[in-house]
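Order-wise, the sequence lines are chains A, B and C.
Per the working numbering, the very first residue in the first sequence carries number 1; after that it's consecutive.
Per the working numbering, the very first residue in the second sequence carries number 260; after that it's consecutive.
Per the working numbering, the very first residue in the third sequence carries number 519; after that it's consecutive.
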Amino acid sequence: MKLTGKNISISSRAKIGKNVQFGENVVVYDNVEIGDSAIICNDCVIGEPLASYYDDPEYQNPLTIIGRNSLVRSHAIIYAGCMIGDEFSTGHRVTIRENTIIGKNCSLGTLTDIQNNVRIGDYCRLHSNVHISAQCSLGNYVFMYPFSVMTNDPFPPSETIIGSHIGNYTQIAVHVVILPGIHIGEHCLIGASSVVTKKIPDYSLATGNPAIILRDVRKIRALGKGHPYPWPQRFSRGMPWDKIGYDSWVEAGQEAKVE
Amino acid sequence: MKLTGKNISISSRAKIGKNVQFGENVVVYDNVEIGDSAIICNDCVIGEPLASYYDDPEYQNPLTIIGRNSLVRSHAIIYAGCMIGDEFSTGHRVTIRENTIIGKNCSLGTLTDIQNNVRIGDYCRLHSNVHISAQCSLGNYVFMYPFSVMTNDPFPPSETIIGSHIGNYTQIAVHVVILPGIHIGEHCLIGASSVVTKKIPDYSLATGNPAIILRDVRKIRALGKGHPYPWPQRFSRGMPWDKIGYDSWVEAGQEAKVE
Amino acid sequence: MKLTGKNISISSRAKIGKNVQFGENVVVYDNVEIGDSAIICNDCVIGEPLASYYDDPEYQNPLTIIGRNSLVRSHAIIYAGCMIGDEFSTGHRVTIRENTIIGKNCSLGTLTDIQNNVRIGDYCRLHSNVHISAQCSLGNYVFMYPFSVMTNDPFPPSETIIGSHIGNYTQIAVHVVILPGIHIGEHCLIGASSVVTKKIPDYSLATGNPAIILRDVRKIRALGKGHPYPWPQRFSRGMPWDKIGYDSWVEAGQEAKVE
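Here it is as structure tokens:
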């Protein structure tokens, strides 16, 4: 987090935007592009080369993009081939493997570990220590909490993996496991420590091992506070409906624009 | 762990006690106080500035305290505003967010991740990879094991969080989840992978998802070894009753003094 | 991963093989031996001294061995007294505590945390964020997936721990907990989020909390693909039967040789 830029190592084949700040010991490899006003904190590695780097003398690092106004906290390692949108932020010691695509306004918590070829939409928030296996996908406005996992291998170990998917606006509580190839719909809430073993329709509250659908999330009542779900109607910090409210934002057709 | 003090960066507005040792690349920010004879190993960051540091030109780092005789192993990141007692020790890559208060003689294992505004009493031991959400609290002599989590948000995402609490002497096994606002009593044992969904009275053995109270811990029998709980009667390493035994220590009124 | 060898610190009492490459800031302590053609990436620590290093002026670092052709990715911390075989590879931020013995051709994923006095056989693959407690043991060809844990303390906290064991060829899915002293047989498949509370015989599919044996793994059917287990008959990447097939390899008596 000391933004002195001491002992940094920036490839001459990287493109660094305006007003980018670097912490100490940052390493930026070939073919990385960092957007304007991004902050890359101490000891981060951007564009970490793929495994073939170690033995292929002709190795070329694939294009890696970090969006504008991003804040990458210390010790993140972002592999080559990742494309990450604007306003990205992370905690510490995040790892993102190669060829993963992340939309705009996303944040990843401390220790979160994203494998290769993952797709994450816009405005997603993954808290500390989330693990996403290769080829999984998330829509927009998805929140995942610590130690939740998306998996991809129905018969481990195998060469034929099949990523799981989480739909827009869905909340995945702590310690949830989503089994390989499983599709969770939009606006769902999956309870703590659940194991999701089959397709979950939109607006479901599901919990347990295996996860059972308990009810429609719109029927959940919070003592003295009415209906907490769908959550965008009561929570807007950092979300695109922050100023106008979710319902107005949807009516104005903004939702369609983002997605 | 190389205590050469090479390439360290200590703010002129930090107070460093006598005989403090620093590893390489350590960073100590403004308004940090480190007690006598502490060891701060390689690549640690003490007093990491809060988010407003990045855009507030008037930013002032709040007071941060690390107690005497502490051993902070490599790559710990301790945010500004934390107050940590004497004889503190950590594994590697620990993260402690801002304004967290930790008592004396505590230890945190490798990768453990403590969020902001947490309160931890004295003589607590959190093993590897424990996650404590913001505003949770622990009493004294609490042990937590890997991948256990204290949560704080009953209807995620929300702005109104409510921390969970663990009472004195309680043992939280691996992979336990404590739901938001839940209060666990003293001298409890919560079994592996349990999800604690309601208040747990003192001396309970509870296990399962949701956790069910099975019996009084004092009725647990270990084959050929009698009653293992309450554990302080048979385990004293590093505890204040180490020399005299737990019962004598309680009789001497020492327990009341510590708490 | 920048293999410039800048700012490295290699003890004069370490033995470094031929063609070994070092990343930046690597530290190698006394009595470490690194085999030929190994690559030790940025910020790794090899031979991290034990706790007595901090207060014993006569401290001697025990022998630590890293095998030939190993690739240790950035920020690994490997304690003194570890013996690790050839062709070892790791992800980032791996921690291995003292006196752990690991066979040949093993790999450990990012954030994996191996405690002291663990024994791991040959050709094991531990993915991201696996936690192995002290004195646990694994056979050969064992795969473990993220957030799985082997435990060792039946009545925490205690001074008398008893490691759990996983037999050859067994697959441990995500978030599995193996209770202290439990023995899992060969060729088993333990389902996601299971808690293994009793001995599991060879070739068992077990799942749940507590884990129940559902059937013989050889009776599992994959839609349109026949029987996926035993897995060595269909998966050979990086395994010693890669060129000749598992059945031929067993018939040729190679299995006996390796084990």
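Cβ coordinates follow ideal geometry from the N, Cα and C atoms, glycine included.
Note that this is a predicted model, so its numbers are computed, not measured.
Within 7 Å of the CB of asparagine 129(A), the CB atoms of chain B belong to Asp372, His390, in sequence order along the chain. Non-local beta-carbon contacts of valine 476(B) in its own chain, meaning distances under 8 Å to residues more than five positions away in sequence, involve His446, Cys447, Leu448, Tyr462, Ser463, Leu464, Tyr488, Pro489 in chain order. Cα atoms of isoleucine 184(A) and aspartate 122(A): separation of roughly 17 Å, rounded to the nearest angstrom. When C-alpha distances from proline 415(B) are compared across Ser148(A), Phe143(A), Val28(A), the shortest belongs to Phe143(A). Considering only Ser682(C), His645(C), Glu677(C), Pro672(C), the residue with the shortest C-alpha distance to leucine 656(C) is Ser682(C). Within 10 angstroms of the beta-carbon of asparagine 727(C) lie 16 or more other beta-carbons, which makes it buried. Chain-order list of chain B residues neighbouring histidine 693(C): Phe406, His434, Ser452, by C-beta distance under 9 Å. The C-beta of asparagine 278(B) has fewer than 16 other C-beta atoms within 10 Å across all chains shown, which makes the residue exposed. Of Gly344(B), Gln374(B), Pro413(B), the smallest CA-CA separation from threonine 456(B) is found for Pro413(B).
In this model, glycine 326(B) and cysteine 365(B) are separated by some 11 Å (Cα to Cα). The shortest C-alpha to C-alpha distance from isoleucine 299(B) to any of Ile275(B), Val435(B), Asp501(B), Pro321(B) is the one to Ile275(B). Taking serine 392(B) as reference, the option from Gly440(B), Glu510(B), Cys383(B), Lys265(B) with the minimal CA-CA separation is Gly440(B).
DSSP places glutamate 33(A) inside the beta strand (DSSP E), whose first and last residues are 32-34. When rounded, the separation of the alpha-carbon atoms in glycine 541(C) and arginine 237(A) is 41 Å. For serine 676(C), the nearest CB of chain B lies under 9 Å from its own CB, placing it at the interface with that chain.
Per DSSP, glutamate 58(A) lies in no beta strand (DSSP E) segment and is marked neither H nor E. For the region 325-343 of chain B, the beta-carbon criterion of a distance under 8 Å to any beta-carbon of chain C is satisfied by Leu330, Ser333, His334. Measuring C-alpha to C-alpha distances from serine 530(C) to each of Thr522(C), Val545(C), Gln539(C), Leu521(C) identifies Val545(C) as the nearest. Close to arginine 480(B), with beta-carbon spacing below 9 Å, lies no residue of chain C; the smallest spacing is near 10 Å. Glycine 81(A) is not a Cβ neighbour of threonine 95(A), given a cutoff of 9 Å. Taking 3 residues as the minimum length, the beta strand (DSSP E) runs contained wholly in the region 43-107 of chain A are 45-48, 64-66, 77-79, in order along the chain. Taking 9 Å as the cut-off, the Cβ atoms of proline 240(A) and glutamine 254(A) count as close. For the pair asparagine 560(C) and asparagine 543(C), the Cα-to-Cα distance works out to about 6 Å. The beta carbon of phenylalanine 155(A) sits closer than 9 Å to some beta carbon of chain C.
Burial is judged here by how many other beta carbons sit within 10 angstroms of a residue's own beta carbon; serine 766(C) has fewer than 16 and is exposed. Collapsing the DSSP output to three states places aspartate 461(B) in coil. In the DSSP assignment, threonine 725(C) forms a beta bridge with Ile730(C).
Within 7 Å of the CB of arginine 352(B), the CB atoms of chain C belong to Arg611, in sequence order along the chain. At least 9 Å separates the beta-carbon of isoleucine 267(B) from that of valine 304(B). Isoleucine 638(C) sits away from serine 666(C), with the two beta carbons spaced by 9 Å or more. Close CB contacts of asparagine 686(C) within its chain, under the 6 Å cut and outside five residues either way in sequence, are with Gly657, Asn658, Tyr659, Glu704 (chain order).
The continuous alpha helix (DSSP H) containing valine 768(C) extends over residues 764-769. Close CB contacts of valine 636(C) within its chain, under the 6 Å cut and outside five residues either way in sequence, are with Thr618, Ile650, Cys654 (chain order). Of the candidates Glu159(A), Ala222(A), His175(A), His175(A) places its Cα closest to the Cα of proline 146(A). Lysine 484(B) counts as exposed, since fewer than 16 other beta carbons sit within 10 angstroms of its beta carbon.
The three-state reading of DSSP puts glutamine 171(A) in strand, counting E and B together.
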